[in-house]
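*Asks:*
Residue numbers (UniProt numbering), protein chains in the order written: chain Z, 1 to 353; chain P, 1 to 353.
(1) Give a single yes or no on whether residue 279 of chain P has its beta carbon closer than 8 angstroms to a heavy atom of the ligand NAP.
(2) Taking the beta carbon of residue 7 of chain P as the centre, do at least 16 other beta carbons fall within 10 Å, making it buried, or is it exposed?
(3) Mapping the DSSP letters down to three states, classify residue 58 of chain Z as helix, strand or coil.
(4) Check for me: the alpha helix (DSSP H) holding residue 101 of chain Z runs from which residue to which?
(5) Pick helix, strand or coil for residue 137 of chain Z, following the three-state DSSP scheme.
(6) Using the C-alpha atoms, what's the distance from residue 54 of chain P back to residue 162 of chain Z?
(7) Do residue 21 of chain P and residue 39 of chain P have their C-beta atoms within less than 9 angstroms of each other?
(8) Straight-line CA distance for residue 83 of chain Z to residue 123 of chain Z?
(9) Run the CB neighbour count on residue 234 of chain P, radius 10 Å, all protein chains shown included, and call it buried at 16 or more, exposed below.
(10) Measure the CB-CB distance between residue 248 of chain Z and residue 323 of chain Z and report whether it falls below 9 angstroms.
(11) DSSP state of residue 335 of chain P, grouped into three classes?
(12) Out of Z/195, Z/192 and Z/80, point me to the one whose CA is closest to residue 126 of chain Z's CA.
(13) Hey, could you find the ends of the beta strand (DSSP E) residue 203 of chain P is sitting in?
(14) Since residue 89 of chain Z is in the alpha helix (DSSP H), which residue starts that stretch and which ends it?
(15) Going along the chain, which residues of its own chain have a beta-carbon closer than 8 angstroms to the beta-carbon of residue 286 of chain Z, five neighbours each way excluded?
(16) Within 10 angstroms of the Cβ of residue 250 of chain Z, are there 16 or more other Cβ atoms? Answer buried if so, exposed if not.
(17) If you count every other CB in all the chains shown that lies within 10 Å of the CB of residue 239 of chain P, and 16 or more means buried, which is it?
(18) Taking the Cβ atom as the reference point for each residue, do residue 43 of chain Z and residue 257 of chain Z lie within a distance shorter than 9 angstroms?
(19) Let me know the secondary structure DSSP gives residue 226 of chain P once reduced to three states.
(20) Leaving out five residues on either side along the sequence, give the residues of the same chain with a beta carbon under 7 angstroms from the beta carbon of residue 307 of chain P.
(21) Please classify residue 315 of chain Z as buried or exposed, where buried requires at least 16 other C-beta atoms within 10 Å of its C-beta.
(22) Would you call residue 259 of chain P buried or exposed, if buried means 16 or more other Cβ atoms sit within 10 Å of its Cβ?
(23) Closer than 9 angstroms by beta-carbon distance: list the chain P residues that pair up with residue 18 of chain Z, in chain order.
(24) Mapping DSSP to helix, strand and coil, what is residue 220 of chain Z?
(25) Using the Cα positions of residue 187 of chain P and residue 217 of chain P, report the straight-line distance between them to the nearest angstrom.
(26) Taking residue 132 of chain Z as the query, report the chain P residues whose CB atoms sit under 8 angstroms from its CB, ordered along the chain.
(27) Using only alpha-carbon positions, find the residue among Z/318, Z/344, Z/320 and Z/219 that is nearest to residue 90 of chain Z.
(28) Among P/202, P/193 and P/288, which residue has its Cα nearest to the Cα of residue 357 of chain P?
(29) In the DSSP assignment, the alpha helix (DSSP H) including residue 292 of chain P goes from what residue to what residue?
(30) Taking Cβ-Cβ distances shorter than 7 angstroms, what residues in chain C pair up with residue 152 of chain Z?
(31) Using C-beta distances below 8 angstroms, list every residue in its chain close to residue 297 of chain Z, excluding the 5 sequence neighbours before and after it, in chain order.
(32) Quick check on this structure: which residue in P/189, P/311, P/11 and P/15 has the alpha carbon closest to the alpha carbon of residue 140 of chain Z?
(33) Within the 9 angstroms Cβ cut-off, does residue 136 of chain P reach chain Z?
(34) Can you tell me whether DSSP reads residue 157 of chain P as helix, strand or coil?
(35) Would you say residue 67 of chain Z faces chain P, with C-beta separation under 9 angstroms as the test?
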């Protein structure tokens, strides 16, 4: 036998010592792109591939694992199917692109009946319809452990409109869509109700007053509406990323990739009243939830100052800060005008375990 | 709580009642393609997508799960990485295409050290180099259970050269590459040695005389060499599929998709001496291993009769049968001239559990 896992133990460095982004950096070392058609590899929301004279192709993949990304004791299967498509569409949106094809790979244990799989697929089909994307392939297999959902999405973007993380310029305005922290607090509510239910199965969950934030956790939307509106208003973001790991973490990505610093205003951060109230109820700082709560799948992007007027009246685009190269680094400007360093404590799917 | 899995139990149909292909058929019901760029959805080795004026894009995904597709007690991590890329490349080869980009999603438990993940990646990089394909993205996450590898591949094919499963015509010649049944018998050897080792850990595995077939199981090759040669000789297969589930099963796909029947000659089936001898040693019928053993990742394709001369002297392309529409159906013509119905007992990753 070839006990690879054991021999490896001679030199054993724990995954958690690197974290998710550190591991990706390490694995990406020495990866060269040999095909002319590979315009951009690892390091943005999607890879960029030559398509036709006018467009680039975009390719991205995401994997959702039971017990890590979702808990089937409170996640309805149909919503899970919907969400798995939406989070992939969001990666294409973050490149200012339009998703067109999706492949779906499912690992299923015999715990799942055909009816259960159909429920997942019903959600996927609903999302495919909402985002006008075609499910064109995939793989279905037995899993001996939990449910595995792996999705890849292919999309297109006009060459002159592709938005990378790296394109922000000094004095560009930083914009965030929707509101933030809601999905994170929705998760806290669902986890609390689960514990209550486990302690006393006769207790019915109290979710009515948390309807909005629970919905944001269970069935997030990809902001393709924003992409279409930016296109209509002829605004091309100078940089963009989707907010999956938390606002602070995404700010860091734009900062690092663009070689500039970010300043964001505490009093400009968009937060829904239900998110705010629930944070207070849970003894959490609402601003921390906004900065570090993951899974909102809103968009963070920068625009040139001259484009500000075109978006000024948009109800769902918030001007939260700007790009600079002051030595102070990435900062949060508090309500009373203090600058405090911006720290990312985003979701790390390797480090947290 | 929303006990979806329990409520579903009210009407519970077991996955095994449908099998993998039945489930895929069921889930594909009502899937409409809304984007003009979606040339072909589910049902072939890869989806076909509009690319530029001369080429189609090809998109395919495969998922490998620990305990289902591989056993880490005898699969070296580096070979596993190599194989996971090769099997995806094989799907693009089966469309007569060339792979260009790959995304890799990994689900890792804390059982894995960084060194172990690097071993997987080393194999992936070696395969990427061999097949001239770029690793451009993916996802890395914690898994609470086994190792999960999900890969998607994007490739290109000249529009007039794309090979579907459906294109075979009456009297076309059926061709198979390489030899068959080897990977299946390699697996039998590895499983036997594992049992021996578990019974007596002091026993060293006896693999020398099985080197070829074990290699075929652990590190299969995608036949991109054949694709390049067909291209050089200006032969466009009228239909094609890769042999992942077993020759008989793949014959059925070409038959069903092309609306014709297959006849294959027992004495034309390519089998390596080591495969044959090992089948006999295991009291297995060598022809059954060739017909139903999976994971060889050779190619099965049809050509027009007039192209026969162009491939006649190729040492690794075997003319194993032909397409017909006789009422007798899909048949194996035995050495003594009898026609027996061809039955597929290929690997069904849902039904077999």
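Just so it is clear, CB atoms sit at the ideal spot from N, CA and C, and this is done for glycine as well.
*Replies:* Result, derived from the coordinates:
(1) No copy of the ligand NAP occurs in the structure displayed, which carries no ligand at all.
(2) In this prediction, residue 7 of chain P has a pLDDT of 46, which is less than 50 and means its spatial position is unreliable; nothing more can be read from the coordinates.
(3) Shown here, residue 58 of chain Z sits in a strand according to DSSP, grouped into three states.
(4) The continuous stretches of alpha helix (DSSP H) do not include residue 101 of chain Z, which lies in the beta strand (DSSP E) extending over residues 98-108.
(5) In the structure shown, residue 137 of chain Z adopts extended strand secondary structure according to DSSP, grouped into three states.
(6) About 23 angstroms.
(7) No, the Cβ-Cβ distance between residue 21 of chain P and residue 39 of chain P is not below 9 angstroms.
(8) Approximately 8 angstroms between the Cα atoms of the pair.
(9) Exposed.
(10) With contacts defined by Cβ atoms closer than 9 angstroms, residue 248 of chain Z and residue 323 of chain Z do not form a contacting pair.
(11) Note: residue 335 of chain P maps to coil in three-state DSSP.
(12) Checked all of Z/195, Z/192 and Z/80; the closest Cα to residue 126 of chain Z is Z/80.
(13) In the DSSP annotation of this structure, residue 203 of chain P is not part of any beta strand (DSSP E), being labelled neither H nor E.
(14) Judged by DSSP secondary structure, residue 89 of chain Z falls within the alpha helix (DSSP H) whose first and last residues are 77-93.
(15) Apart from the 5 residues on each side of it in sequence, residue 286 of chain Z sits with its Cβ closer than 8 angstroms to the Cβ of 181, 271, 275, 276, 279 and 280 in its chain, given in chain order.
(16) It counts as buried.
(17) Buried: at least 16 other Cβ atoms inside 10 Å.
(18) Contact: yes.
(19) Helix.
(20) Within its own chain, the residues whose Cβ lies closer than 7 angstroms to the Cβ of residue 307 of chain P, once the five positions on either side in sequence are excluded, are 235, listed in chain order.
(21) With fewer than 16 other Cβ atoms inside 10 Å of its own Cβ, residue 315 of chain Z counts as exposed.
(22) By the neighbour-count rule (16 or more Cβ atoms within 10 Å), residue 259 of chain P is not buried but exposed.
(23) Chain P residues near residue 18 of chain Z: 114.
(24) In the three-state scheme derived from DSSP, where H, G and I count as helix and E and B as strand, residue 220 of chain Z is classed as coil.
(25) Roughly 6 angstroms separates the two Cα atoms.
(26) Ordered by position in chain P, the residues that pass the 8 angstroms Cβ test against residue 132 of chain Z are 34 and 35.
(27) In this structure, Z/219 is the residue among Z/318, Z/344, Z/320 and Z/219 with its C-alpha nearest to the C-alpha of residue 90 of chain Z.
(28) Examination of residue 357 of chain P is not possible in this model, given that chain P is present from 1 through 353 alone.
(29) Unbroken alpha helix (DSSP H) run through residue 292 of chain P: 286-292.
(30) Checking the listed chains, one finds no chain C in this structure; the protein chains it contains are Z and P.
(31) The beta carbon of residue 297 of chain Z sits closer than 8 angstroms to those of 86, 87, 90, 183, 220, 221, 222, 223, 242, 243 and 244, all from its chain and outside the five residues before and after it, given in chain order.
(32) The alpha carbon of residue 140 of chain Z has as its nearest neighbour, out of P/189, P/311, P/11 and P/15, the alpha carbon of P/15.
(33) By this cut-off, residue 136 of chain P is an interface position.
(34) Of the three classes helix, strand and coil, the one that applies to residue 157 of chain P here is strand, per DSSP.
(35) For residue 67 of chain Z, the nearest CB of chain P lies under 9 angstroms from its own CB, placing it at the interface with that chain.
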